[in-house]
Structure formats: structure tokens, C-alpha cells
Amino acid sequence: MLEQAPKGLWDEVRARPDRAPELIALAAAERLAPGAERWAAEHAGKPPADVARRAVKSHIRLSQLEGAALGLAGAWGIVPDLAALAWIESRMVFHVAASYGFDPHHPMRPAELLALQDVYPTAQEARDALDGVGRHVALEFAKGKLSGGDAKLRTRLLKMVGGHVAHRTAAKIIPGVASPIMAIQNSTAVGALGERTIRFYGG
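Residues in the sequence shown are numbered consecutively from 0, following numbering that gives the first Met the number 0.
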């Protein structure tokens, strides 16, 4: 069962779209670490690589179902889909880390999540940003480049889940047509992140 995001997270993300990746990563560390820990305990004694790949496959399926469901809403489903996809990706990274014996409660896990998603070049830079020490992520974008909260939020979420996820294609605004496209794109994005995560934690 997919753990729900903390109450009020999406309101906070909408209020601070420039900090969306960091807010999601921090919330994920709090909400998803216990489940990842249980996952590792349930599969103790099995080859870590097998457990990690099983985690990736299950999250690919989750992303397909999520994309297909929100795709029925057409244009109205784009931002919610990106937010839900970011949450699924976060859960997968924590599960894969735990599969290889890494403590999902460790403060570097959300930083590694952001680095694996290419939001930051390194996990240490991500950790500095999460601690409020490093360069504000908003400085990566020219001030005023986008107008409107949803436009900025969409850009930040696209950065988090992978810019190759083409959520702005014309076909995706058409209810019904969008559903299979979002399912395919979501699963592709999660699969690619899963491979990077396995290489990172599995060596």
C-alpha cells in the first residue's frame, strides 16, 4: 500500500513551488522511511539486488496506474500527476536503499534522492540545500522566467521526476488520450531512475 503524503504537503508545495523538490524529499524521509525499513526486514536474507529490482518493478506498476488514472483528467491532471510521480519515485529510492542495507532514516537519504533525480549535482550539495546552507535551488532559474504558480510548480516537479517526461505535449491535454501516454511516460521515468538508484546503492 502506498503511504499517503503528509497532510498539507501539497498546499505547502503550491505555496513554495521553487522549493518543491526539497519539500517533497524531506516529507518523504519522514513518511516513507518506516515502510522502507519494513520492506527490508520482510526480505532479509534474500539477495539485495533481487530485492531492489523487485522494489523497482512494483513502483513502475504503481506509476503506470497513477498515470493512467490522472490522465483521465487531461490538462487538469498534469500537475497532480507530476506530484504523485515524485512521491512514487521517492518511495522507490528509499526502498532500494533499504534493500541494500542503507538506513532509510539516515539524513543523507533525502539528499541522495535529490541527487539521483538530478535536482542537485551531488548528494552533499543537496544536503546543504536541505539544511538551508547551500545555494537556493531557485537561483538555478532566471528570475521571472515563468509566471504563475502552477507553471513554476510544473517546472520544478519536471526537474525532480525527469525533464524528459513530456507532460506538456498536446495529446496529453485530451482526456482519454492522455491516460495511456501518462502511464507509459511515468513508467519509463521510474524505470530509468530505478536503474540509477540500483547502480548507486548496489555498487
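Note that the Cβ used here is the ideal one computed from N, Cα and C, for glycine as well.
Item to check | Straight-line gap, tryptophan 86 to proline 20 (C-alpha atoms, nearest Å) | outcome: Here residue 86 corresponds to residue number 87 of the sequence shown, with the count starting at 1. Here residue 20 corresponds to residue number 21 of the sequence shown, with the count starting at 1. One C-alpha to the other measures close to 10 Å.
Item to check | Inter-residue CB distance, methionine 91 and valine 189 (contact presumed, cutoff 8 Å) | outcome: In the sequence shown, the residue the question calls residue 91 occupies position 92. In the sequence shown, the residue the question calls residue 189 occupies position 190. With 8 Å as the limit, methionine 91 and valine 189 qualify as a contact, their Cβ atoms being about 6 Å apart.
Item to check | Cβ contact check for the region 89 to 109 and the region 30 to 43: 3 or more pairs under 8 Å | outcome: yes
Item to check | Backbone secondary structure at phenylalanine 101 - three-state DSSP | outcome: Walking along the sequence shown from the start, residue 101 turns up at place 102. Here phenylalanine 101 sits in coil by DSSP.
Next on the checklist: Which of the three DSSP states is assigned to aspartate 49 in this structure?
Outcome noted: Walking along the sequence shown from the start, residue 49 turns up at place 50. Helix.
Next on the checklist: Spatial neighbours of threonine 196 within its chain, please: C-beta separation below 6 Å, excluding the five flanking residues on both sides.
Outcome noted: Indexing the sequence shown from 1 puts residue 196 at position 197. Counting only Cβ-Cβ distances below 6 Å, and skipping sequence neighbours, we find Val92, Val95 and Leu115.
Checklist entry - Going by C-alpha distance, which of Gly131, Pro109 and Leu81 is nearest alanine 182? => result In the sequence shown, the residue the question calls residue 182 occupies position 183. Closest option to alanine 182, judged by alpha-carbon separation, among Gly131, Pro109 and Leu81: Leu81.
Checklist entry - Cβ atoms of asparagine 185 and glutamate 2: under 8 Å apart, would you say? => result As a first step, residue 2 must be located in the sequence shown, where it is residue number 3. As a first step, residue 185 must be located in the sequence shown, where it is residue number 186. For glutamate 2 and asparagine 185, no; Cβs fall outside 8 Å.
Item to check | CA-to-CA distance, glutamate 111 to leucine 22, given in whole angstroms | outcome: Taking the sequence shown and counting its residues from 1, one reaches residue 22 at position 23. Taking the sequence shown and counting its residues from 1, one reaches residue 111 at position 112. Approximately 14 Å, taken between the alpha carbons.
Item to check | Cβ neighbours of leucine 31 in the same chain (closer than 7 Å, five flanking residues each side left out) | outcome: Counting from 1 along the sequence shown, the entry for residue 31 is found at position 32. So the list reads Glu2, Ser89, Arg90 and Phe93, once near-sequence residues are dropped.
Next on the checklist: So, with DSSP's three-state summary, where would you put alanine 26?
Outcome noted: If you number the sequence shown from 1, residue 26 lands on position 27. In this structure, DSSP gives alanine 26 a helical state, which the three-state scheme calls helix.
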